[in-house]
Every structure is written in C-alpha cells, then in structure tokens.
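Throughout the sequence shown, residue numbering follows numbering that gives the first Met the number 0, covering 0 to 138 in sequence. C-beta: ideal position from N, C-alpha, C; glycine also.
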Amino acid sequence: MPGPKATNRLVQGLLNGLLVVCLGYLGVGWLVSPGTPELDQVVFKYALDNGRSIYGVRDGQGGATVGFSYRYYVHKDLGSDQEILAALVSAHPFMKTKEPDVQVNRVDGVIHLIVHGEVHEYRSYPLEGLGAVKIDMQL
Numbered sequence: 000m001p002g003p004k005a006t007n008r009l010v011q012g013l014l015n016g017l018l019v020v021c022l023g024y025l026g027v028g029w030l031v032s033p034g035t036p037e038l039d040q041v042v043f044k045y046a047l048d049n050g051r052s053i054y055g056v057r058d059g060q061g062g063a064t065v066g067f068s069y070r071y072y073v074h075k076d077l078g079s080d081q082e083i084l085a086a087l088v089s090a091h092p093f094m095k096t097k098e099p100d101v102q103v104n105r106v107d108g109v110i111h112l113i114v115h116g117e118v119h120e121y122r123s124y125p126l127e128g129l130g131a132v133k134i135d136m137q138l
C-alpha cells in the first residue's frame, strides 16, 4: 500500500494532467472558431409585416482566396444599411450560403424562400415565433 506522500503525488499528477488536457481543448476550440463576421454589404431586405424583416448580408471574412458568403437573418426592422450591418454582427443567422440570389414569394400568407446554389448552414430556431408568418424553404 503506497504511503500518503505517494498518493498525494499521484492525485496531483492526475489533476495537472487533466488541467493540461482542458486548457488544450479550450485553446484548439478558440483557434478554430470562425470569429466575428465581417459584414460589409446588405444584399437582401424583405419586410414580414410584423415588425421584423429578413435581411441578407455579405460576409467578406474569407479574404482574397475564399469567396464571399452570405448570411440571412430574421431581425426587428432596422433603418439604414449601416444600422443593419452594425446590429447583425452579433446576431445569429438562420442561413448561410455562397450565393446572394434568394427569391421570395408570398402565397396565402406563406413566405417561400427559394435558394439557388449551396446552403452551408441552416437553422430553423430563428424562424420560430414569427406569429402569422410561415416560411417554406426550397433548396
């Protein structure tokens, strides 16, 4: 049976190892996180008639070697393009695409979003709670 000093050293070694693993995990997560988007142009606006609008904005974060991506948000009505860009930097988009071409049709109170091209990310939770507005996605 090991003595109390040996047991203390073993426990301390295990705790130090666990600390190193946790710090490594957090560091790698921080390095690969996408960061804040660089929203530079509003490409799409559509009023939903309930005090909210759908906005599409261009993200120029990719740099010279990667094309633009486009983020689409449901947000309260905003005024100028600068106000839109400033407010949406910290918001969560419901869709990210590589194409700015989105068509909107409203038929019997249902909004149809038609996207031509790649959709990289889609989340439905920002669309919930829009009241009388229903959105039908066709990809």
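With respect to the C-alpha of Gln102, the residue from Thr35, Val27, Ile53 having the closest C-alpha is Ile53. Between Leu30 and Asp58, the C-beta gap is not smaller than 8 angstroms, which leaves the two residues out of contact.
In the assembly as shown, Tyr24 is an exposed residue. Its beta-carbon has fewer than 16 other beta-carbons within 10 Å. Around the beta carbon of Arg70, a 10 Å sphere encloses 16 or more other beta carbons of the protein chains shown; the residue is thus reported as buried.
For Asn104, the three-state secondary structure derived from DSSP is strand.
Closest in C-alpha terms to Ser79, from the list His119, Phe67, Phe43, comes Phe43.
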